[in-house]
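Some notes on the structure that comes next.
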Amino acid sequence: MAEHQNQPIAALATAWGSSAIAVIRTSGPGSIELIDRLFEPPGRLATAGGNTVHHGILLEPRTRAQLDEVLVSIFRAPRSYTGEDAAEIMCHGSTAGVERILAALFAAGFRQAEPGEFTMRAFLAGKLDLTRAEAVREIVGARTAESHAMALQRLSGALEERINAIKGRLVTLLAAVDIQLDYPEEESGEVVIAPEVVIEIRDSIRGLLASYRTGRIYQEGVRVAIAGPSNAGKSSLFNELLRQDRSIVSAIAGTTRDYIESPIAVAGVPVRLYDTAGFRESNEQIESEGMRRSREILDAAELVLYVVDATEGVAPHQREVIEALRDSGRLVGVWNKVDLPGAADAPAGFAAVSVATGGGLERLVEIIGERILPDSLAWTGEPVIDSLRQKQLLETAHQALGHVLEGLADQVPVDAVALDAEEALRALGEITGEVTTADVLDAMFSGFCVGK
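Heads up: the sequence shown runs through residues 49 to 500, numbered per the working numbering.
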């Protein structure tokens, strides 16, 4: 991707599909002049200043037929997202119209932007570091208000500042070593690298590493499956948690023959909620296949809401399933239909609810939230990491500083110990992008959407 930086690029920035307005993004040397050749009145865009908006008609380059009535926003280098000359075309949002405009731009000399290429150009131009570039992707993919706020915090530079502060302490430490090595006659006999300073730096890194689980759960979320015997009220519970009718509810056992999934948010965490087929003896091929798929969902789920009909209790064949879920730490028991005559009291570890009346559901949601997001993982407002790349580099830095401490304890020469400290510094530099390779950049930005 990096080798094509001198080419002007274009891509749809808004989602494909019919809408009131679509935005086409362009960037690169000569991009404004290329659009000006398609724009009427002519010459206006080529001479326009930055941060200006212009109304006009966009024309097909060969026939000069009208493509659309548009607004074009002009951004001049270096005061643009990418640091290059850039323009954004706001047009009507029909898919056919957008395709015609993109075809005209490509015919005029633009190239289709690759995934994440606009943000990669911003990084290469020094407009943002890699932690903020990753935050752009996370903002686009955020599924809850909390995950959006966390990504926005990283975009503002909070994580970059934290990493730079740690790097600053390492730079100071290594500078002192360099002075000792360059001017040995000035050496006082004191140890230049104080172990307590290294421990403090390593503890700062450990704190960021500990935040990874928090970052991932808010970004990736968890899978929660609803399971239990037929007719226990699983589909009704699914619909109530979604606050909409997604699953068919019927008194006929075996109505749900395959799993159904839908996203919700619990305690600020994205949740994929699954309604699974009830387990029972069946000779019906489709229902049996649905139960097989449901078992796969249960095996993969981080939490299972096991629903039992309070008027029937737990059948002997269900006890083994419940105990297995309890032993794995994934069980949330749901004792449903407690409003009906003959309902037994909920056993230990089961939440008493009536999906029909709504009784106990609020407490059930609280229990789910407590299970998927214990206090130890709840976001406190401090910067967190949530990418595997960041985690692995922090682990490298943490391990290297561990080697520094071992070297100091073994009285290894200070220049040899400094090599491990330099390795830690390099790893931290890779997090922000000060030290990186084209392959790393291509791999990271390929996960972005086109137009970003």
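Cβ coordinates follow ideal geometry from the N, Cα and C atoms, glycine included.
| Item | Value |
| --- | --- |
| Can you check which of these residues, Y322, L106, S494, is closest to P89 by C-alpha distance? | L106 |
| Please classify P56: does DSSP put it in a helix, a strand, or coil? | coil |
| Give the range of the beta strand (DSSP E) segment to which I420 is assigned. | Here I420 belongs to no beta strand (DSSP E); instead the alpha helix (DSSP H) covers 409–420. |
| Quick check on DSSP: helix, strand or coil for A156? | helix |
| Beta carbon of E208, beta carbon of A199: below 7 Å? | no |
| In this structure, does DSSP put L436 in helix, strand or coil? | helix |
| How would you write the range of the beta strand (DSSP E) that R320 sits in, first residue to last? | 317–323 |
| With distance defined between alpha-carbon atoms, name the residue in A223, V452, L60 nearest to E147. | L60 |
| Looking only at DSSP bridge pairs, what is Q114 linked to? | L107 |
| Put F496 into one of helix, strand or coil per three-state DSSP. | coil |
| Relative to the C-alpha of E132, which residue among A183, S79, V401, T179 is closest? | S79 |
| How about D434 and Q267: are their beta carbons less than 7 Å apart? | yes |
| Strictly by DSSP, which residues pair up with G263? | Answer by DSSP bridge pairing: none, since G263 is not bridged. |
| Buried or exposed: where does L436 fall if 16 or more other Cβ atoms within 10 Å of its Cβ makes it buried? | exposed |
| Taking the beta strand (DSSP E) that D357 falls in, what are its first and last residues? | 351–357 |
| Is it right to say L467 is buried, meaning 16 or more other beta carbons lie within 10 angstroms of its own, or is it exposed? | exposed |
| Please list the terminal residues of the continuous beta strand (DSSP E) segment that includes V188. | Per DSSP, V188 belongs to no beta strand (DSSP E); it is in the alpha helix (DSSP H), 178–189. |
| Which residues bound the beta strand (DSSP E) around S75? | 67–75 |
| Quick one: what's got a C-beta closer than 7 Å to V465's C-beta in the same chain, skipping five residues either side? | I241, V452, G455, L456 |
| CA-CA distance, P56 and T192? | 35 Å |
| Pick out whichever of V120, A206, A170 has its Cα sitting closest to the Cα of T493. | Here residue 493 is Phe; the residue named in the question, Thr, does not match the sequence. It is A170 whose Cα lies nearest to the Cα of F493. |
| For L441 and E478, which I take to be in contact (beta-carbon distance under 8 Å), what is that distance rounded to the nearest angstrom? | 5 Å |
| Buried or exposed: which applies to D423, given that a residue is buried once 16 or more other Cβ atoms fall within 10 Å of its Cβ? | exposed |
| What residue from G189, T130, N54, G269 has the CA that sits closest to R73's CA? | T130 |
| Locate the alpha helix (DSSP H) running through P243, then write down its first and last residues. | 243–258 |
| At what residues does the beta strand (DSSP E) containing E360 begin and finish? | Note, E360: premise wrong, no beta strand (DSSP E); not H, not E. |
| May I have the straight-line CA-CA distance separating G157 from A96, to the nearest angstrom? | 20 Å |
| Specify the secondary structure class of G397 as computed by DSSP and reduced to three states. | coil |
| Run through DSSP, which three-state label would A486 get? | helix |
| Would you mind sorting F496 into buried or exposed? The rule is 16 or more other CB atoms within 10 Å of its CB. | buried |
| Spell out a yes or no on whether the region 169–183 and the region 405–418 are touching, meaning 3 or more CB-CB pairs, one atom from each, closer than 8 Å. | no |
| Tell me, which residues are paired with M513 by DSSP? | Nothing can be reported for residue 513: it is not among the residues displayed for the chain, which extend from 49 to 500. |
| Taking DSSP as the reference, what is the three-state secondary structure of E208? | helix |
| Could you please give the first and the last residue of the uninterrupted beta strand (DSSP E) stretch that includes E430? | Unbroken run through E430: none, as it is neither H nor E. |
| Going by beta-carbon coordinates alone, are H103 and R92 separated by less than 7 Å? | no |
| Across the region 269–278 and the region 345–355, are there enough close Cβ pairs to call them in contact, namely three or more that are closer than 8 Å? | yes |
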